[in-house]
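*Asks:* According to the numbering used here, the residues represented by the sequence shown are 11 to 97, in order.
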Amino acid sequence: MANTPQSKKRARQNETRFAVNKARRSRIRTYLRKVEEAIASGDKSAAEAALREAQPELMRGVTKGVFHKNTASRKMSRLSSRVKALG
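1) Thinking C-beta only, is alanine 64 closer than 7 Å to valine 93?
2) Under the three-state reduction of DSSP, which class applies to serine 14: helix, strand or coil?
3) What runs of the alpha helix (DSSP H), each 4 residues or longer, lie entirely inside the segment 55–97?
4) Where lysine 54 and alanine 95 are concerned, what is the direct C-alpha to C-alpha distance, given to the nearest angstrom?
5) Grab me the residues of valine 76's own chain with a C-beta within less than 8 Å of its C-beta, minus the 5 sequence neighbours each way, in chain order.
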């Protein structure tokens, strides 16, 4: 357990950041799931719309430090290629 005042404060800050990052990660995954569901249904226009909504959320996660830049780019690339392949 934390002993010094500084380590106690860091422990409190870590809990707060963990909660914020967890919520942010969950929100991003929800947007990605919407894209996946639209792709699965075969609706290209809905998939494109969902992808347009998901992109800024994913990139915001990068700037906030939730995801690595390459991870977000890889996810966007793979999703966009799957959307593009729809009829």
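Don't be surprised by glycine CBs; every beta carbon is placed ideally from N, CA and C.
*Replies:* Quick look at the numbers:
1) no
2) Going by the sequence as given, residue 14 is threonine instead of serine. Threonine 14 falls in the coil class under three-state DSSP.
3) 79–95
4) 9 Å
5) Asn31, Arg34, Arg35 and Ile38
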